[in-house]
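Chains R and V are the protein sequences, given in the same order. Taking the UniProt record's numbering, the leading residue of the first sequence gets 1, the next gets one more, and so forth. Taking the UniProt record's numbering, the leading residue of the second sequence gets 1, the next gets one more, and so forth. Ideal Cβ positions, reconstructed from N, Cα and C, are used throughout, including at glycine. Just so you know, these numbers come straight off a predicted model, no measurement behind them.
2 protein chains.
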Amino acid sequence: MESSSARSGGSTRREATRQKLYEAAVTLIAEQGFSATTVDEIAERAGVAKGTVYYNFASKSVLFEELLRHGVGLLTASLREAAEQTAHEGGGKVDALDAMVRAGLVFIDRYPAFTQLYVAELWRTNRAWQSTLMVVRQEAVAVVEGVLREGVAGGEFSEEIDVQLTAAALVGMVLVAALDWKSFQPQRSLDDVHAALSRLLQGRVSGRA
Amino acid sequence: MESSSARSGGSTRREATRQKLYEAAVTLIAEQGFSATTVDEIAERAGVAKGTVYYNFASKSVLFEELLRHGVGLLTASLREAAEQTAHEGGGKVDALDAMVRAGLVFIDRYPAFTQLYVAELWRTNRAWQSTLMVVRQEAVAVVEGVLREGVAGGEFSEEIDVQLTAAALVGMVLVAALDWKSFQPQRSLDDVHAALSRLLQGRVSGRA
DNA sequence: ATTTTTATACTGACCAGTCAGTTCAAAATT
DNA sequence: AATTTTGAACTGACTGGTCAGTATAAAAAT
Chain R
1 MESSSARSGG
11 STRREATRQK
21 LYEAAVTLIA
31 EQGFSATTVD
41 EIAERAGVAK
51 GTVYYNFASK
61 SVLFEELLRH
71 GVGLLTASLR
81 EAAEQTAHEG
91 GGKVDALDAM
101 VRAGLVFIDR
111 YPAFTQLYVA
121 ELWRTNRAWQ
131 STLMVVRQEA
141 VAVVEGVLRE
151 GVAGGEFSEE
161 IDVQLTAAAL
171 VGMVLVAALD
181 WKSFQPQRSL
191 DDVHAALSRL
201 LQGRVSGRA
Chain V
1 MESSSARSGG
11 STRREATRQK
21 LYEAAVTLIA
31 EQGFSATTVD
41 EIAERAGVAK
51 GTVYYNFASK
61 SVLFEELLRH
71 GVGLLTASLR
81 EAAEQTAHEG
91 GGKVDALDAM
101 VRAGLVFIDR
111 YPAFTQLYVA
121 ELWRTNRAWQ
131 STLMVVRQEA
141 VAVVEGVLRE
151 GVAGGEFSEE
161 IDVQLTAAAL
171 VGMVLVAALD
181 WKSFQPQRSL
191 DDVHAALSRL
201 LQGRVSGRA
């Protein structure tokens with residue numbers, strides 16, 4: 001039988017090394033930024049020789065780009081799953097949105113460093129990985145936009161809403177609230193934060209308790 | 001007698017030079033990030049010799065910190081003014097929030113590069129200007145928190161809302177929506193964007209047009 | 001046997017910060 | 001009024017250090 005090692009596209013050992021490098025790079029770059037983070041630091045944090053970095057990645061930029069793709073891939077999959085899940089359960093689009101907010105929070109809870117780094121790079125221009133970032137951003141936002149559009153089509157949301165802008169605003173809401181949570185009140189539970197955002201999302205802010 | 005140039009805190013010429021350096025630095029750092037931007041670039045864009053940068057600022061970091069303080073000062077003042085304006089006109093806290101959303105949009109419309117740069121640096125850690133950023137962030141968010149708290153006290157908002165988290169979420173909503181606007185649909189008018197966000201803010205998303 | 005990793009040394013470009021010297025307008029002196 | 005002095009503002013070549021990326025021979029893992 002085929003050993004567990006020879007899997008599609010590379011040996012297990014190599015994959016493990018790459019994973020270690022991702023993890024080292026993501027925290028360092030989140031803290032310091034791409035340019036301020038040296039390849040030597042990344043190698044050291046990963047417990048690996050510098051040469052190994054270049055054996056596994058063509059350059060520092062390429063390492064970073066693949067890291068971005070990898071991370072946003074996880075997020076997109078998670079958002080999609082959340083939306084589909086509520087559809088299966090016969091929930092409306094409001095439920096789908098709510099589930100996606102939660103999925104977003106879960107993701108940020110699990111990968112806070114990646115989220116930091118992503119936000120920091122997202123609106124930059126003139127950088128090598130700009131196009132990668134654009135593609136990958138659109139993938140994630142498109143999931144939210146999709147749910148909004150379906151909601152409008154099905155009469156659940158007002159036809160007057162601006163889908164693209166509203167999607168961006170929702171993403172921003174979750175993103176900034178979650179980063180605030182992680183940075184300044186990390187002791188709070190995910191449920192707690194989710195409840196606060198649900199309230200805001202459903203317009204239950206004004207009016208009495 | 002004291003010459004006309006020697007005014008409070010510095011000559012006019014010096015102030016003009018500092019202003020040029022701010023303007024050059026803000027766009028370059030927004031595009032490329034702090035570390036990837038060289039002092040030579042900043043000096044060149046400002047039309048000034050490198051030595052002049054160091055004559056006016058102790059270091060690259062200090063230039064950046066003063067830039068941050070300067071920019072967020074403008075934002076905070078603008079938010080405060082918006083909130084007070086509606087109070088004078090006898091509007092409720094919802095109106096105040098709405099006015100602050102608009103003030104935020106106006107600010108971002110006028111200083112998009114500063115906004116980019118601010119977002120990119122806000123959640124970093126282990127950087128020299130970390131504490132400056134914290135102080136300055138709190139000043140701005142505190143204005144929003146203040147309005148929310150007053151709204152709760154006055155019975156206009158539910159007592160169940162989480163003031164800190166909701167403030168962060170609102171800031172995020174405006175920030176990300178506005179950056180999306182500037183980056184991907186710059187032809188749209190400010191009123192248009194404001195209307196979309198107002199709708200979201202007041203829960204007029206679900207339900208029919 | 002082949003792939004992957006290690007350890008170490010090296011190169012060349014790049015860049016933050018320095019400093020000796022220049023500019024120039026206002027103030028003081030004649 | 002003409003001349004000299006002063007000092008703040010500015011200049012740009014230079015320096016010392018840093019860092020991405022390369023090289024390579026030997027070891028370890030599969």
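From which residue to which residue does the alpha helix (DSSP H) around residue i run?
{"i": "Gln19(R)", "result": "Thr12 to Gln32"}
{"i": "Gly146(V)", "result": "Gln130 to Ala153"}
{"i": "Gly104(V)", "result": "Lys93 to Arg110"}
{"i": "Asp191(R)", "result": "Leu190 to Leu201"}
{"i": "Gln164(V)", "result": "Val163 to Phe184"}
{"i": "Arg45(R)", "result": "Val39 to Ala46"}
Using the beta-carbon of each residue, which ones in chain V are nearer than 9 Å to residue i?
{"i": "Phe114(R)", "result": "By Cβ distance, chain V contributes nothing, its closest Cβ being about 12 Å from Phe114(R), past 9 Å."}
{"i": "Val144(R)", "result": "Residues of chain V passing the Cβ test: none, with the nearest at roughly 12 Å."}
{"i": "Ala103(R)", "result": "Per Cβ cutoff of 9 Å: no residues; Ala103(R) is ~16 Å from chain V at best."}
Give me the Cα-Cα distance between residue i and residue j, rounded to the nearest whole angstrom.
{"i": "Glu65(R)", "j": "Gln32(V)", "result": "16 Å"}
{"i": "Asn126(R)", "j": "Val136(R)", "result": "17 Å"}
{"i": "Asp95(V)", "j": "Thr86(V)", "result": "7 Å"}
{"i": "Glu145(R)", "j": "Ala82(R)", "result": "14 Å"}
{"i": "Glu156(R)", "j": "Gly151(V)", "result": "30 Å"}
{"i": "Ala16(V)", "j": "Val48(V)", "result": "11 Å"}
{"i": "Val72(V)", "j": "Tyr22(V)", "result": "13 Å"}
{"i": "Arg110(V)", "j": "Glu89(R)", "result": "46 Å"}
{"i": "Ser158(R)", "j": "Arg204(V)", "result": "8 Å"}
{"i": "Arg7(V)", "j": "Trp181(V)", "result": "At Arg7(V), the pLDDT of 38 sits below 50, so the modelled position is not reliable and the matter cannot be decided from this model."}
{"i": "Leu201(V)", "j": "Val171(V)", "result": "11 Å"}
{"i": "Gly91(R)", "j": "Leu148(R)", "result": "14 Å"}
{"i": "Ile108(R)", "j": "Gly51(V)", "result": "44 Å"}
{"i": "Thr76(R)", "j": "Val143(R)", "result": "7 Å"}
{"i": "Ala195(V)", "j": "Ala167(V)", "result": "19 Å"}
Assign residue i to one of three DSSP states: helix, strand, or coil.
{"i": "Ala6(R)", "result": "Residue confidence is low: Ala6(R) scores 37 on pLDDT, short of 50, so the model does not pin down where it sits. Its coordinate-derived value is still stated next. Of the three classes helix, strand and coil, the one that applies to Ala6(R) here is coil, per DSSP."}
{"i": "Phe57(R)", "result": "coil"}
{"i": "Arg127(V)", "result": "coil"}
{"i": "Gly90(R)", "result": "coil"}
{"i": "Ser78(V)", "result": "helix"}
{"i": "Gln187(R)", "result": "coil"}
{"i": "Ala49(R)", "result": "coil"}
{"i": "Met1(R)", "result": "Interpretation of Met1(R) is limited by its pLDDT of 34, a score under 50 that renders its predicted location unreliable; the figure taken from the coordinates is listed afterwards. If DSSP states are grouped into helix, strand and coil, Met1(R) belongs with coil."}
{"i": "Ala120(R)", "result": "helix"}
{"i": "Ala36(V)", "result": "coil"}
Which chain V residues sit within Cβ distance under 8 Å of residue i?
{"i": "Ala196(R)", "result": "Ile161, Asp162, Leu165, Thr166 and Ala169"}
Taking residue i as the query, report the chain R residues whose CB atoms sit under 9 Å from its CB, ordered along the chain.
{"i": "Trp181(V)", "result": "Leu165 and Ala168"}
{"i": "Phe34(V)", "result": "Gly33, Ser35 and Ala36"}
Which bits of chain R does residue i rub up against, with CB to CB less than 8 Å?
{"i": "Val205(V)", "result": "Phe157, Ser158, Ile161, Thr166 and Gly203"}
{"i": "Glu100(V)", "result": "Correcting the residue type first, residue 100(V) is Met in the shown sequence and not Glu. What Met100(V) touches in chain R: nothing, since even the nearest Cβ is about 14 Å away."}
Below 7 Å on C-beta distance, what does residue i contact in chain V?
{"i": "Gln187(R)", "result": "Those do not exist, as Gln187(R) stays about 13 Å from chain V at its closest Cβ, beyond 7 Å."}
Taking Cβ-Cβ distances shorter than 7 Å, what residues in chain R pair up with residue i?
{"i": "Leu200(V)", "result": "Thr166 and Ala169"}
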